[in-house]
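Chemist: So that we are looking at the same thing, I have put the structure below in structure tokens.
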Amino acid sequence: MKLTKVKTEITEMDMTPMIDMTFQLIAFFMMLINFAEGDQNERIQLPASELAKPAVSLLESPITLHVTDKDSVIIGGQEVSVDGLKPFMDREASVLSMRGKSPAAATVIIRGDKDARTITVQGVIKTCQLARFERFVLRAKEERGY
Amino acid sequence: MQIEKKGSEAKVEMQMTPMIDIVFQLLTFFIMTFKIVAAEGDFDIKMPLSSRSEGPPPEEQLPPMKVRLVATSGGQLSKIKLNDNDFGVSFDGLHNYIISLIGDDRGPGSNQESAEVELDCDPQLHYEHVIRAITAVSGYTEADGNIVKLVEKIRFTPPKPGG
Numbered sequence: 001m002k003l004t005k006v007k008t009e010i011t012e013m014d015m016t017p018m019i020d021m022t023f024q025l026i027a028f029f030m031m032l033i034n035f036a037e038g039d040q041n042e043r044i045q046l047p048a049s050e051l052a053k054p055a056v057s058l059l060e061s062p063i064t065l066h067v068t069d070k071d072s073v074i075i076g077g078q079e080v081s082v083d084g085l086k087p088f089m090d091r092e093a094s095v096l097s098m099r100g101k102s103p104a105a106a107t108v109i110i111r112g113d114k115d116a117r118t119i120t121v122q123g124v125i126k127t128c129q130l131a132r133f134e135r136f137v138l139r140a141k142e143e144r145g146y
Numbered sequence: 147m148q149i150e151k152k153g154s155e156a157k158v159e160m161q162m163t164p165m166i167d168i169v170f171q172l173l174t175f176f177i178m179t180f181k182i183v184a185a186e187g188d189f190d191i192k193m194p195l196s197s198r199s200e201g202p203p204p205e206e207q208l209p210p211m212k213v214r215l216v217a218t219s220g221g222q223l224s225k226i227k228l229n230d231n232d233f234g235v236s237f238d239g240l241h242n243y244i245i246s247l248i249g250d251d252r253g254p255g256s257n258q259e260s261a262e263v264e265l266d267c268d269p270q271l272h273y274e275h276v277i278r279a280i281t282a283v284s285g286y287t288e289a290d291g292n293i294v295k296l297v298e299k300i301r302f303t304p305p306k307p308g309g
């Protein structure tokens, strides 16, 4: 029996659309990536406000305090009580003084959980005031208008 | 003259495999580190330790507005009061009252510039109600997205000893 030779062809896949899409995806994720996680904490659920708009300018010497719903404060990854916050704030104030800055010019960002007790937030503000901090920012989640 | 054809035309193909490998690794990295974060905004408050001014306020200035937020034992809001006005639990009522007090007057010496609100909250009140109160007194967003400011000076009543 005579075997017929089948002519084989190398089939090449067109990779161009896939590469295009992949680069677009990379560009998308690169634009949205956020390395600054120091001011975020997944334990804190911020209250919402329609007036809370992202700051247009950088805050001066920001210090972020996370106030939990368990009456504690997280500063620099460490969880302390409101009373235990004072040494940390004194240290921050002395670091600022060494840099020739006044604590009054620094900004304390308060990220309070929506279920945190008001007295805890007030206690945090009072502790900061005792360490000579004057400028506070209450952070809230952006909410669409009514 | 006859031109001699040198050699055969070889098709040069770019090696795509390493590039695709790297691109997929990058894509995997970005997908794994991607976090959806809600946009956050700030309320600026300047609050020195002794901010209360001594003596009566000038006559042209609005009288001090003390917003009292009463809480249930569970920390939920049970009453909003501004001086002698009771708004129940309606922040809209408080907001509209503040608008009626401030009016459209803006600029130096205006009611809007001099108005000051003191928040007197029960200790156990949940913080979200405080933010809602601050939102109600500090302004509103117009349809075109502009923010109209009302009261900019906001402070807290110092916690009562043992509270």
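These protein sequence lines are chains A and B, in that order.
The numbering used here puts the first residue of the first sequence at 1, with every later residue one more than the last.
The numbering used here puts the first residue of the second sequence at 147, with every later residue one more than the last.
C-beta atoms are modelled at their ideal positions from N, C-alpha and C, and glycine is treated no differently.
1) A/Thr64 touches chain B at which residues, Cβ-Cβ below 7 Å?
2) If you scan the stretch 250-299 of chain B from start to end, which runs of the beta strand (DSSP E) of 3 or more residues do you find wholly inside it?
3) Can the beta-carbon of A/Ala116 be found closer than 8 Å to that of B/Asp188?
4) Nearest chain A C-beta to B/Gly221 closer than 8 Å, yes or no?
5) Going along chain A in order, which residues have a C-beta closer than 9 Å to the C-beta of B/Leu228?
6) Could you tell me the alpha carbon to alpha carbon distance between A/Leu130 and B/Leu172, rounded to whole angstroms?
7) Indicate whether at least one CB of chain A lies closer than 8 Å to the CB of B/Glu186.
8) Any chance you could list the beta strand (DSSP E) runs of at least 3 consecutive residues sitting entirely within the stretch 209-251 of chain B, in chain order?
9) Any chance the stretch 162-170 of chain B sits against the stretch 19-29 of chain A, with 3 or more Cβ pairs inside 8 Å?
10) Around the Cβ of A/Arg111, are there at least 16 other Cβ atoms within 10 angstroms (buried) or fewer (exposed)?
11) What residues in its chain sit with their C-beta under 6 Å from that of A/Glu92, if we drop five residues either side in the sequence?
12) With a threshold of 16 other CB atoms inside 10 Å of the CB of A/Met31, please say whether the residue is buried or exposed.
13) Can you tell me which of the three DSSP states A/Gly76 falls into?
14) Using the Cβ count rule (16 or more neighbours within 10 Å means buried), how would you classify A/Lys5?
15) For the stretch 72-94 of chain A, enumerate the residues whose C-beta is nearer than 9 Å to any C-beta of chain B, in chain order.
16) Round the Cβ separation of B/His275 and B/Leu223 to the nearest angstrom and send it over; I've been treating them as touching at under 8 Å.
17) Looking at B/Glu298: is its Cβ nearer than 8 Å to the Cβ of B/Ser284?
18) Considering only the alpha carbon of each residue, which of A/Ala105, A/Thr68, A/Lys53 and A/Val124 lies closest to A/Pro87?
19) Can you give me the C-alpha to C-alpha distance between B/Leu296 and A/Ala106, rounded to a whole angstrom?
20) Rounded to a whole number of angstroms, what is the C-alpha to C-alpha distance between A/Thr8 and B/Ala185?
21) From B/Ser256 to B/Ile277, what distance separates their C-alpha atoms?
22) Mind checking whether A/Leu58 and A/Val108 have CB atoms under 8 Å apart?
23) Using the beta-carbon of each residue, which ones in chain B are nearer than 8 Å to A/Ser49?
24) Which residues mark the beginning and the end of the alpha helix (DSSP H) in which A/Ala27 is found?
25) Check whether the Cβ of A/Met98 lies closer than 8 Å to any Cβ atom in chain B.
26) What's the C-alpha gap between B/Ile168 and A/Phe23?
27) Go to A/Ile63, then tell me how far its alpha helix (DSSP H) extends in each direction, as first and last residue.
28) By a C-beta neighbour count over all protein chains shown, 10 Å radius and 16 as the cutoff for buried, is A/Phe136 buried or exposed?
29) Here's a check: name, in chain order, each residue in its chain whose Cβ is nearer than 8 Å to the Cβ of A/Ser102, leaving out the five neighbours to either side.
30) In this structure, does DSSP put A/Ile110 in helix, strand or coil?
31) Helix, strand or coil: which one does DSSP assign to A/Tyr146?
32) Anyone know if the C-beta pair for A/Thr127 and A/Asp71 falls short of 8 Å?
Modeler: Answer, in terms of the structure:
1) None at all; the shortest Cβ gap to chain B is about 11 Å.
2) Counting whole runs of 3 or more residues, the stretch 250-299 of chain B contains the beta strand (DSSP E) stretches 262-267, 285-287 and 293-295.
3) Not closer than 8 Å, so no.
4) Interface criterion met: the Cβ of B/Gly221 is under 8 Å from a Cβ in chain A.
5) For B/Leu228, there are no C-beta contacts with chain A under 9 Å, since the nearest C-beta of that chain is about 17 Å from it.
6) Cα to Cα, the separation comes out at about 48 Å.
7) Closer than 8 Å: yes.
8) Runs of the beta strand (DSSP E) inside the stretch 209-251 of chain B: 211-217 and 223-228.
9) The answer is yes - the stretch 19-29 of chain A touches the stretch 162-170 of chain B, with three or more Cβ pairs under 8 Å.
10) That one is buried.
11) Contacts found: Ile63.
12) With fewer than 16 Cβ atoms within 10 Å of its Cβ, A/Met31 is classed as exposed.
13) Under the three-state reduction of DSSP, A/Gly76 is assigned to coil, being neither helix nor strand.
14) By the neighbour-count rule (16 or more Cβ atoms within 10 Å), A/Lys5 is not buried but exposed.
15) Within the stretch 72-94 of chain A, no residue has a Cβ that lies closer than 9 Å to any Cβ of chain B.
16) Between B/Leu223 and B/His275 the Cβ distance is about 5 Å, and since that is below 8 Å, they are a contact.
17) Yes, they are a contact pair.
18) Residue nearest to A/Pro87 within the set A/Ala105, A/Thr68, A/Lys53 and A/Val124 is A/Val124 (criterion: CA-CA distance).
19) Distance between B/Leu296 and A/Ala106, taken at the CA atoms: about 26 Å.
20) Cα to Cα, the separation comes out at about 58 Å.
21) Near 25 Å, if we compare the C-alpha coordinates of B/Ile277 and B/Ser256.
22) With contacts defined as CB atoms closer than 8 Å, A/Leu58 and A/Val108 fail to qualify as a contacting pair.
23) Chain-order list of chain B residues neighbouring A/Ser49: Gly187, Phe189, Ile277, Arg278, Ile280 and Thr281, by C-beta distance under 8 Å.
24) Per DSSP, A/Ala27 belongs to the alpha helix (DSSP H) from Thr16 to Leu32.
25) No, no contact with chain B.
26) If I take the Cα positions, the gap works out to 11 Å.
27) Looking at the DSSP string, A/Ile63 is not in any alpha helix (DSSP H); the run it does join, the beta strand (DSSP E), is Pro62 to Val67.
28) Buried, because 16 or more other Cβ atoms sit within 10 Å of the Cβ of A/Phe136.
29) Cβ within range, chain order: Leu96 and Arg132.
30) A/Ile110 sits in a strand when the DSSP states are folded into three classes.
31) Because A/Tyr146 carries a pLDDT of 42, less than 50, the predicted location of this residue cannot be relied on, and the following value inherits that uncertainty. In the structure shown, A/Tyr146 sits in coil (DSSP, three-state: anything other than H, G, I, E or B).
32) No, the pair does not count as a contact, with Cβ atoms beyond the cut-off.
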